[in-house]
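**Q**
2 protein chains.
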Amino acid sequence: MVRDSIRILQAQGHKATRPRKLVLEVLGEIENPLSPYDIQGILHTRGKYLNHVTIYRILDLLCSLNLAHKMLSSGGFVKCSLDATEGCHRFMVCQHCGAIREFADKELCQEENDFAQNFGFHTEHHLSEFSGLCSRCYKK
Amino acid sequence: MVRDSIRILQAQGHKATRPRKLVLEVLGEIENPLSPYDIQGILHTRGKYLNHVTIYRILDLLCSLNLAHKMLSSGGFVKCSLDATEGCHRFMVCQHCGAIREFADKELCQEENDFAQNFGFHTEHHLSEFSGLCSRCYKK
DNA sequence: GGCTAAATGCAACATTATTACAATTAGCTC
DNA sequence: GAGCTAATTGTAATAATGTTGCATTTAGCC
Ligand SMILES: [Mn+2]
Ligand SMILES: [Mn+2]
Ligand SMILES: [Zn+2]
Ligand SMILES: [Zn+2]
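Keeping their order, the protein sequence lines are chains A and B.
First residue of the first sequence? That's 1 in our numbering, and the numbers climb one at a time after it.
First residue of the second sequence? That's 141 in our numbering, and the numbers climb one at a time after it.
1. With three or more C-beta pairs closer than 8 Å as the rule, is the region 228 to 237 of chain B touching the region 263 to 270 of chain B?
2. For L201/B, report the span of its alpha helix (DSSP H) as first-last.
3. Which first and last residues belong to the alpha helix (DSSP H) in which T45/A is found?
4. If I measure Cβ to Cβ from K155/B and keep anything under 7 Å in the same chain, skipping five residues before and after, which residues do I get?
5. Whole alpha helix (DSSP H) runs in the region 100 to 132 of chain A with 4 or more residues, listed along the chain?
6. Quick check on DSSP: helix, strand or coil for F217/B?
7. Excluding the 5 residues preceding and the 5 following L190/B in the sequence, name in chain order all residues of the same chain whose CB lies nearer than 7 Å to its CB.
8. Please classify F259/B as buried or exposed, where buried requires at least 16 other C-beta atoms within 10 Å of its C-beta.
9. Checking contacts by CB at 7 Å: is H125/A closer than that to chain B?
10. Tell me, to the nearest whole angstrom, how far the beta carbon of E31/A is from that of E102/A; I am working on the premise that it is less than 8 Å.
11. Which residues of chain A have a Cβ atom closer than 8 Å to the Cβ of A256/B, listed in chain order?
12. Quick one: Cα of S74/A to Cα of K280/B, how far?
13. To the nearest whole angstrom, what separates the beta carbons of G132/A and T157/B, a pair I think is in contact under 8 Å?
14. Measuring only the C-alpha atoms, how far is S135/A from F261/B?
15. Is it right to say G153/B is buried, meaning 16 or more other beta carbons lie within 10 angstroms of its own, or is it exposed?
16. Residues of chain B with a CB under 7 Å from the CB of H52/A: which are they?
17. Tell me whether H236/B counts as near ligand 4, meaning its Cβ is closer than 6 Å to at least one heavy atom of that ligand.
18. Which partner residues of V233/B appear in the DSSP bridge assignment?
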C-alpha cells in the first residue's frame with residue numbers, strides 16, 4: 001500500500017523523500033482519517049519531527065494524485081486517508097459514541113454518477129458521510 | 141422558512157433573539173453553504189454587526205436542532221445552510237470552476253439507509269459531495 | 001562525489017475556533 | 001408597561017488551523 005503510493009509518486013516525477021514516506025506510513029496504518037496535526041502528533045510520539053507546513057504540502061500532493069483525500073470529519077476538520085478505493089470515500093459516524101467506519105460501495109457510485117449526469121455533471125470523486133447511530137448505540 | 145425555524149426554536153424553549161433572526165435570515169436567502177465568517181461579512185454589508193462567537197453559537201444550536209447543517213465545502217471549511225431537506229445534503233462541486241450546486245434526493249437516501257442497515261447502522265443524516273466537472277467545464 | 005531542481009524547514013503571519021466572564025436582553029410576572 | 005431573571009450576547013484573550021516567502025537541505029541524476 002505505502003510502497004504502491006511511493007511508486008506512483010516517483011512515476012509522476014516526484015521524489016521519494018523521508019517526510020513523504022513518513023506521512024504515507026502513518027496514513028497507511030491508521031484506519032481513521034487524520035488531520036495534518038494528527039499526523040504530526042503521531043510522528044512526534046515516535047520521535048520523528050515534521051514541520052506542519054511540510055505535512056500540509058504532502059497531503060495536498062497526495063490528494064492531487066488521488067493517493068489521499070480530504071473529507072468531512074465529525075468535528076468538521078479536514079482529514080486525509082489513503083485512497084484505497086479510487087474516488088469513493090464513505091463514512092458512517094455515530095452521533096453518540098463518535099465511532100467512524102469507512103467503507104466504499106461501487107453500486108452507490110454508479111447511482112450517483114447517473115444522478116449527476118442528469119445535471120450534466122461528470123463525477124470523479126464520491127464523498128459521503130452518514131451520521132446516525134452505530135449498532136451498539138442504537139440498541140441502547 | 142425562517143419563520144418556521146423561529147417557531148421550532150421557541151417550541152424548544154430557546155429565545156427568538158435578534159442575532160438568531162439575522163443568522164436565519166441570511167441562511168434562508170443565500171443558496172450556497174456559508175461559513176460563520178461568511179455570514180458575519182454578509183451582515184456587515186447590511187450594516188448589522190454580530191460577534192463571530194455569537195454566530196458560532198447560533199450555528200451550533202441550529203445544527204443541534206437540525207435546522208442547519210455542517211458540511212464539507214470545496215475549501216474544506218465548515219459551512220452551514222438551512223435544512224430544507226430533512227437530513228439530506230448533497231453537493232456537486234466543480235473541480236475546475238469551483239461552482240457548487242446543492243441538491244437532495246430521497247431515493248439515494250433510501251439506498252444509503254439500506255446499505256448502512258447491513259452494518260447495523262441507523263442513518264439519520266446524509267451528506268455527500270460529488271467532485272468532478274460541471275456541464276460547462278466538461279464541454280471544454 | 002558533485003550538481004541542481006525539488007523539497008523541506010523556518011519564521012512570520014492570517015484565518016478560524018474556543019473559553020471565561022461581564023454586560024445585555026427576551027420572555028415572563030405582575 | 002416596569003421589573004425580574006435566566007438565557008443570550010459581546011468582549012477579550014487565547015488556542016488551533018492554515019498560508020506565504022525565503023533560506024537550507026536533499027533526492028535523483030550525471
Ligand atoms: Mn479519492
Ligand atoms: Mn440536516
Ligand atoms: Zn455509537
Ligand atoms: Zn465548472
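Heads up, the beta-carbon is just placed ideally off N, CA and C, and yes, glycines get one too.
**A** From the atom records:
1. yes
2. Translated into positions along the second sequence, residue 201/B becomes position 61. Per DSSP, L201/B belongs to the alpha helix (DSSP H) from H192 to S204.
3. For this step, residue 45/A is matched to residue 45 along the first sequence. Per DSSP, T45/A belongs to the alpha helix (DSSP H) from P36 to T45.
4. By 1-based counting over the second sequence, the position of residue 155/B is 15. Hits under 7 Å: none found.
5. Fully enclosed alpha helix (DSSP H) runs of 4 or longer: 106 to 117.
6. Residue mapping note: residue 217/B aligns to position 77 of the second sequence, counting from 1. At F217/B, the pLDDT of 45 sits below 50, so the modelled position is not reliable; the number obtained from the coordinates is stated separately. Here F217/B sits in coil by DSSP.
7. Numbered from 1 along the second sequence, position 50 holds the residue referred to as residue 190/B. Result list for L190/B: P159, L162, Q180 and L183, in chain order.
8. Here residue 259/B is taken as the residue at index 119 of the second sequence, counted from 1. F259/B comes out exposed.
9. In the first sequence, the residue the question calls residue 125/A occupies position 125. Chain B contact via Cβ: present.
10. Numbered from its first residue, the first sequence carries residue 31/A at position 31. Numbered from its first residue, the first sequence carries residue 102/A at position 102. At roughly 7 Å, the Cβ-Cβ gap stays under 8 Å, so E31/A and E102/A are in contact.
11. Within the second sequence, numbered from 1, the residue matching residue 256/B stands at position 116. Correct list: M92, F130 and G132.
12. Reading the first sequence from its first residue, position 74 is the one you call residue 74/A. Reading the second sequence from its first residue, position 140 is the one you call residue 280/B. Note that S74/A scores a pLDDT of 45, beneath 50, so its modelled location is shaky; the value from the coordinates is reported in the next line. The C-alpha of K280/B is placed about 37 Å away from the C-alpha of S74/A.
13. On the first sequence, residue 132/A is found 132 positions in, with the first residue counted as 1. On the second sequence, residue 157/B is found 17 positions in, with the first residue counted as 1. Rounded, the Cβ-Cβ distance is 31 Å, inconsistent with contact.
14. If you number the first sequence from 1, residue 135/A lands on position 135. If you number the second sequence from 1, residue 261/B lands on position 121. C-alpha separation (whole angstroms): 5 Å.
15. The count along the second sequence starts at 1 and reaches residue 153/B at position 13. Counting every other CB atom within 10 Å of its CB across the protein chains shown gives G153/B a total below 16, marking it as exposed.
16. What you label residue 52/A is simply residue 52 of the first sequence in a count that begins at 1. Simply none; closest approach about 15 Å.
17. Counting from 1 along the second sequence, the entry for residue 236/B is found at position 96. For H236/B, the Cβ falls inside the 6 Å cut-off from some heavy atom of ligand 4.
18. The residue labelled residue 233/B in the question sits at position 93 within the second sequence. Paired residues: I240/B and S271/B.
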